[in-house]
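Chemist: Have a look at the structure that comes next, please.
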Amino acid sequence: MFTHETLVEGSKMWGLFYLVGFSICVLIYTFLPANRERFERAEREIFDKDDGPWT
Amino acid sequence: MMQLTTGERQLGAIVLIALAILGIAMAAAGRTDVLGIHGAMVLLYSLALLFLLFSSAFGPEPSPARLTRYYDDPIKVGVGLTLFWAIFGMFIGVWAAAQLAWPILNFDTSWASFGRIRPAHTSGVIFGFGGNALITTSFHVVQRTSRARLADQFSPWFVLFGFNLFCLIAVSGYFLGVTQSKEYAEAEWYADIWLVIVWVTYFVLYVRTLALRKEPHIYVANWYYMAFIIVVAILHIVNNLAVPLSFAHAKSYTIWAGVQDSMVQWWYGHNAVAFFLTAGFLAMLYYYLPKRAERPIFSYRLSILSFWGITFFYMWAGSHHLHYTALPHWVQNLGMTFSVMLLVPSWASAGNALLTLNGAWHKVRDDATLRFIMMAAFFYGLSTFEGSFLAIRPVNSLSHYTDWTVGHVHAGALGWVAMITFGSLYTLVPAIWKRERMYSAALVEVHFWLALVGTLIYVFAMWNSGIIQGLMWRTYSPDNTLVYSFLDTLLAMYPYYIARAFGGLLFLIGAIVAAYNIWMTVRAPSAAQLPLDEDLPASDRPLDGAAPTPAE
Ligand code: HEM
Ligand code: HEM
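Protein chains in written order, with UniProt numbering: chain Z, 1 to 55; chain F, 1 to 552.
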């Protein structure tokens with residue numbers, strides 16, 4: 001049954017695991033060496049002067 | 001609207017006629033109920049837009065060359081709407097502030113009573129001013145960072161005008177006495193349903209535009225705009241689930257009961273702060289700050305980490321609005337803990353912004369627009385620190401119900417939300433209208449000081465008033481009775497209320513100065529053509545023959 005206790009347990013325990021797991025995924029994504037280049041490019045790309053869509 | 005194709009005009013006409021019919025139906029069903037009045041307003045609104053549409057309907061088909069430019073017409077209209085709501089909402093704010101000092105200013109009418117103009121102020125500034133600013137800048141940023149034109153030409157207009165119809169219905173309803181009694185969600189069921197339709201269109205438009213992007217990576221500002229769009233949709237739908245009295249009545253009852261209702265409301269309320277008043281404005285920060293400072297963001301990776309931190313921590317923080325209530329203790333603790341943790345990603349964002357400026361402080365000194373953005377980051381850091389502090393239960397026992405909360409709100413609203421918006425507008429307006437700069441740099445400077453001084457007066461007045469109020473309420477005499485009556489606290493607050501009204505007035509005047517400056521910038525003859533920042537990709541320039549013309 002889906003009761004108040006279920007929710008409490010879900011938030012108190014699984015919520016924590018979920019958050020920890022999630023943080024690990026985010027950290028991996030952010031520091032993955034393969035992503036370095038696209039982030040650096042993203043940083044600079046907004047300064048490009050030509051102001052029209054690319055076709 | 002000159003760029004609309006025949007098909008898009010027809011679609012527009014069909015939608016507006018359907019809306020007009022809906023208005024008639026609402027008016028007929030509602031009769032003298034407020035629903036009837038709102039029906040008439042919907043009818044007039046759609047007829048007015050229909051007139052606008054028809055007055056250009058029989059022009060020639062737009063040239064295909066338009067597809068080689070960004071679609072900026074809705075942005076131009078959006079800037080106007082943003083400024084209109086800024087002045088309107090802040091005027092009502094000053095009025096509300098003055099009423100608290102001098103209560104006769106409600107002129108003994110019901111429509112102008114404090115309880116009605118207060119939500120008119122909050123909706124006017126948050127949704128009218130903030131919402132239009134978010135929609136407008138998001139259309140600008142998503143095109144520039146994706147290198148793609150908006151996915152079509154109809155939905156941007158639908159989103160913009162549809163959203164403003166919502167604001168109009170909401171705000172006019174409060175004056176007429178309609179309310180759901182949920183803070184920041186006062187508008188009734190029919191307005192809420194309409195907003196869902198508008199918001200889904202906005203979401204689809206945004207995703208389609210991103211899908212057309214020529215850049216492989218989605219720039220981080222777009223993540224924040226997406227979070228804003230998605231989460232606001234979820235919050236809005238869940239919090240506004242309600243059953244109307246009948247389809248002919250404006251009144252409805254929420255499906256949530258008791259303490260669940262409170263929790264849902266403040267889960268909504270706090271995430272409205274997080275995703276309406278924070279995420280979307282952080283998007284502005286991550287685009288307009290590097291643009292204006294001409295320096296890349298200090299750490300792109302940090303911006304990603306703080307993005308996920310903010311989105312995921314905020315979700316759990318709402319219960320700090322319900323300390324010492326019937327809400328289970330552990331839920332209050334959860335909200336408190338997450339609120340304190342929130343300080344980390346919040347300061348990461350504010351620090352990232354300020355560190356970006358490191359080495360460009362001479363620009364901050366010389367350029368009032370950049371100073372607006374810098375101050376916004378500073379106030380963002382300040383109000384998030386204050387928020388995390390207020391969320392701690394014993395602190396909240398002092399601050400809750402007092403003006404301290406109001407001071408916190410406006411440190412965020414004036415110092416962060418409004419300042420980042422004006423900084424962004426001063427960057428966006430010359431770019432969109434192809435002007436070299438704003439009409440008057442001196443007026444930007446004047447506006448900056450009005451805004452800063454106004455904010456400081458407002459916030460300091462409320463900090464003082466709030467803490468005095470809180471302390472007076474808990475002062476006991478040796479024989480354990482309260483020393484001060486409630487009336488005593490009101491008298492103590494009187495000077496602060498006058499000061500706040502004055503500070504707010506300065507801020508309002510600043511907004512009027514901004515509107516004037518932007519108007520003059522738009523009217524000024526297009527400066528001797530900009531060499532680089534103009535709309536056409538260099539290779540396409542011969543298409544237009546002579547000098548490139550702005551896309552108006
Ligand atoms: C001209 C400047 C402004 C003035 C004079 C002003 C004045 C006020 C006043 C008098 C209240 C009611 C406080 C109370 O109930 O005790 C209020 C509430 C509020 N205002 Fe403003 N305001 C201004 C600008 C803004 C802006 C720009 C925003 C948002 C972007 C904003 C957001 C709010 C919010 C969210 C509340 C509700 C606060 C709460 O429930 O604690 N205000 N304002
Ligand atoms: C880390 C970030 C933040 C935290 C933890 C936080 C926490 C809080 C707390 C504890 C309250 C008082 C609740 C009560 O006693 O009823 C509050 C009220 C409020 N905060 Fe924040 N805050 C944060 C940032 C912001 C920002 C950046 C803004 C806005 C622009 C903002 C806008 C508001 C508003 C509008 C209210 C009043 C809600 C109401 O009662 O109507 N907050 N916040």
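Virtual Cβ for every residue (Gly too), placed ideally from N, Cα, C. The structure displayed is predicted, hence computed values, not measured ones.
Inspect the beta-carbon positions of F/T136 and F/A227 and report whether they are closer than 8 Å.
Modeler: Taking the first residue of the second sequence as 1, we reach residue 136 of chain F at position 136. Taking the first residue of the second sequence as 1, we reach residue 227 of chain F at position 227. No, these two residues do not count as a Cβ contact at 8 Å.
Chemist: How long is the line joining the alpha carbons of Z/N35 and F/Y300, rounded to whole angstroms?
Modeler: Counting from one through the first sequence, the residue named residue 35 of chain Z turns up at place 35. Counting from one through the second sequence, the residue named residue 300 of chain F turns up at place 300. The alpha-carbon atoms of Z/N35 and F/Y300 are separated by roughly 11 Å.
Chemist: With a CB to CB cut of under 6 Å and the five nearest residues on each side skipped, what residues in its chain are close to F/G162?
Modeler: Mapped onto the second sequence, residue 162 of chain F falls at position 162. Answer for F/G162: V198, listed in chain order.
Chemist: Can you give me the start and stop residues for the beta strand (DSSP E) that F/A250 sits inside?
Modeler: Sequence index remark: in the second sequence, residue 250 of chain F carries index 250 (1-based). Run containing F/A250: none; DSSP gives neither H nor E here.
Chemist: I need the straight-line Cα distance from F/A528 to F/P156, nearest angstrom please.
Modeler: Here residue 528 of chain F is taken as the residue at index 528 of the second sequence, counted from 1. Here residue 156 of chain F is taken as the residue at index 156 of the second sequence, counted from 1. In this prediction, F/A528 has a pLDDT of 49, which is less than 50 and means its spatial position is unreliable; nothing more can be read from the coordinates.
Chemist: Straight-line CA distance for Z/L16 to Z/L32?
Modeler: In the first sequence, residue 16 of chain Z corresponds to position 16, counting from 1. In the first sequence, residue 32 of chain Z corresponds to position 32, counting from 1. Approximately 24 Å between the Cα atoms of the pair.
Chemist: Roughly how many whole angstroms lie between the Cα atoms of F/F507 and F/F460?
Modeler: Residue mapping note: residue 507 of chain F aligns to position 507 of the second sequence, counting from 1. Residue mapping note: residue 460 of chain F aligns to position 460 of the second sequence, counting from 1. Each residue's Cα considered, the two are about 14 Å apart.
Chemist: Does the CB of F/A283 have a neighbour CB from chain Z at under 8 Å?
Modeler: Along the second sequence, one-based indexing puts residue 283 of chain F at 283. Answer no: the Cβ-Cβ gap between F/A283 and chain Z never drops below 8 Å.
Chemist: With three or more C-beta pairs closer than 8 Å as the rule, is the stretch 173-190 of chain F touching the stretch 147-155 of chain F?
Modeler: no
Chemist: Find the nearest neighbour of F/M520 within the set F/V429, F/P60, F/A65, judged by alpha-carbon distance.
Modeler: Residue 520 of chain F sits at position 520 when you count from the first residue of the second sequence. When only C-alpha atoms are compared, the closest one is F/V429.
Chemist: Leaving out five residues before and five after F/Y288 in sequence, what residues of the same chain have Cβ atoms less than 6 Å from its Cβ?
Modeler: Indexing the second sequence from 1 puts residue 288 of chain F at position 288. Counting only Cβ-Cβ distances below 6 Å, and skipping sequence neighbours, we find S424, T427.
Chemist: Can you list, in chain order, every residue whose CB sits closer than 5 Å to a heavy atom of ligand 1?
Modeler: F/M90, F/G93, F/V94, F/A96, F/A97, F/T122, F/V125, F/T405, F/V406, F/V409, F/A413, F/V417, F/A418, F/G504, F/F507, F/L508
Chemist: Given that F/I76 touches chain Z, what residues does it touch there, using C-beta distances under 7 Å?
Modeler: Here the question's residue 76 of chain F lines up with position 76 in the second sequence. According to the sequence shown, residue 76 of chain F is Lys rather than Ile. What F/K76 touches in chain Z: nothing, since even the nearest Cβ is about 15 Å away.
Chemist: Could you run through the stretch 31-53 of chain Z and flag, in chain order, every residue whose CB is less than 8 Å away from some CB of chain C?
Modeler: Protein chains Z and F are contained in the structure displayed, whereas chain C is not.
Chemist: According to DSSP, is F/A360 part of a helix, a strand, or is it coil?
Modeler: Translated into positions along the second sequence, residue 360 of chain F becomes position 360. Three-state DSSP puts F/A360 in coil, outside helix and strand.
Chemist: Let me make sure I understand the geometry here. Which of F/M438, F/A27, F/A377 has the alpha-carbon closest to that of residue 589 of chain F?
Modeler: Residue 589 of chain F lies beyond the range of chain F shown here (1 to 552); nothing can be said about it.
Chemist: Which residue marks the beginning of the beta strand (DSSP E) containing F/P430, and which one marks its end?
Modeler: As a position in the second sequence, residue 430 of chain F is number 430, starting the count at 1. Taken as a continuous stretch (DSSP letters only), F/P430 belongs to no beta strand (DSSP E), being part of the alpha helix (DSSP H) at 419-432.
Chemist: Where does the unbroken alpha helix (DSSP H) through Z/V26 begin, and where does it stop?
Modeler: The residue given as residue 26 of chain Z occupies position 26 in the first sequence. Unbroken alpha helix (DSSP H) run through Z/V26: 15-31.
Chemist: Count the C-beta pairs between the stretch 266-284 of chain F and the stretch 303-320 of chain F that are closer than 8 Å, then say yes if the count reaches three, no if not.
Modeler: yes
Chemist: Using 7 Å as the cut-off, classify the Cβ of F/T278 as near or not near the heavy atoms of ligand 2, replying yes or no.
Modeler: Position 278 of the second sequence, counted from the start, is the residue given in the question as residue 278 of chain F. Checking every heavy atom of ligand 2 against the Cβ of F/T278, one is found closer than 7 Å.
Chemist: DSSP beta-bridge partners for F/L482?
Modeler: Counting from one through the second sequence, the residue named residue 482 of chain F turns up at place 482. DSSP output for F/L482 lists F/Y476 as bridge partner(s).
Chemist: Near F/T549, what residues of its chain come up, given a Cβ to Cβ distance below 6 Å and the 5 sequence neighbours on each side ignored?
Modeler: The count along the second sequence starts at 1 and reaches residue 549 of chain F at position 549. Low confidence applies to F/T549: its pLDDT is 41, below 50, so where it sits in the model is not reliable enough to give any reading.
Chemist: Buried or exposed: F/D403, going by 16 or more other Cβ atoms within 10 Å of its Cβ?
Modeler: Translated into positions along the second sequence, residue 403 of chain F becomes position 403. F/D403 comes out buried.
Chemist: So, is the C-beta of F/A148 closer than 8 Å to a C-beta in chain Z?
Modeler: Locating residue 148 of chain F in the second sequence gives position 148, counting from the first residue. So yes, F/A148 belongs to the interface.
Chemist: Give the range of the alpha helix (DSSP H) segment to which F/V238 is assigned.
Modeler: Position 238 of the second sequence, counting from 1, holds the residue named residue 238 of chain F. 220-239 is the extent of the alpha helix (DSSP H) around F/V238.
Chemist: Helix or strand or just coil, what does DSSP make of F/P244?
Modeler: For the purposes of this step, residue 244 of chain F is taken as the residue at position 244 of the second sequence. Here F/P244 sits in strand by DSSP.
Chemist: Buried or exposed: where does Z/F22 fall if 16 or more other Cβ atoms within 10 Å of its Cβ makes it buried?
Modeler: As a working note, residue 22 of chain Z is residue 22 in the first sequence. Classification for Z/F22: exposed.
Chemist: So, with DSSP's three-state summary, where would you put residue 562 of chain F?
Modeler: The shown model of chain F, from 1 to 552, leaves out residue 562 of chain F, and the question about it has no answer.
Chemist: If we cut at 8 Å on Cβ distances, does Z/T3 have a partner in chain F?
Modeler: Here the question's residue 3 of chain Z lines up with position 3 in the first sequence. Not closer than 8 Å to any Cβ of chain F, the Cβ of Z/T3 fails to qualify, so no.
Chemist: Between F/L52 and chain Z, is any beta-carbon pair separated by less than 8 Å?
Modeler: If you number the second sequence from 1, residue 52 of chain F lands on position 52. No, because no Cβ of chain Z sits closer than 8 Å to the Cβ of F/L52.
Chemist: Out of F/A511, F/P62, F/A98, point me to the one whose CA is closest to F/A499's CA.
Modeler: Residue mapping note: residue 499 of chain F aligns to position 499 of the second sequence, counting from 1. When each option's Cα is compared against that of F/A499, the closest is F/A98.
Chemist: Verify the contact flag: F/Y286, CB atom, against every heavy atom of ligand 2, threshold strictly below 7 Å.
Modeler: Residue 286 of chain F sits at position 286 when you count from the first residue of the second sequence. Incorrect: F/Y286 has no Cβ contact closer than 7 Å to ligand 2.
Chemist: Can you list, in chain order, the residues of the stretch 211-243 of chain F whose Cβ is nearer than 8 Å to any Cβ on chain Z?
Modeler: K214, E215, P216, H217, Y219, V220
Chemist: Specify the secondary structure class of F/P531 as computed by DSSP and reduced to three states.
Modeler: Along the second sequence, one-based indexing puts residue 531 of chain F at 531. With a pLDDT of only 45 at F/P531, under 50, the local geometry of the prediction cannot be trusted, and no value is derived from it.
Chemist: Could you name the residues of the same chain whose beta carbon sits closer than 7 Å to that of F/K363, not counting the 5 residues immediately before and after it, in chain order?
Modeler: What you label residue 363 of chain F is simply residue 363 of the second sequence in a count that begins at 1. Excluding residues within five positions, the ones whose Cβ falls inside 7 Å are A293, L370.
Chemist: Give the residues of chain F in contact with residue 75 of chain Z, contact being defined as C-beta atoms less than 8 Å apart.
Modeler: Because residue 75 of chain Z is not part of the residues shown, which for chain Z are 1 to 55, the question remains open.
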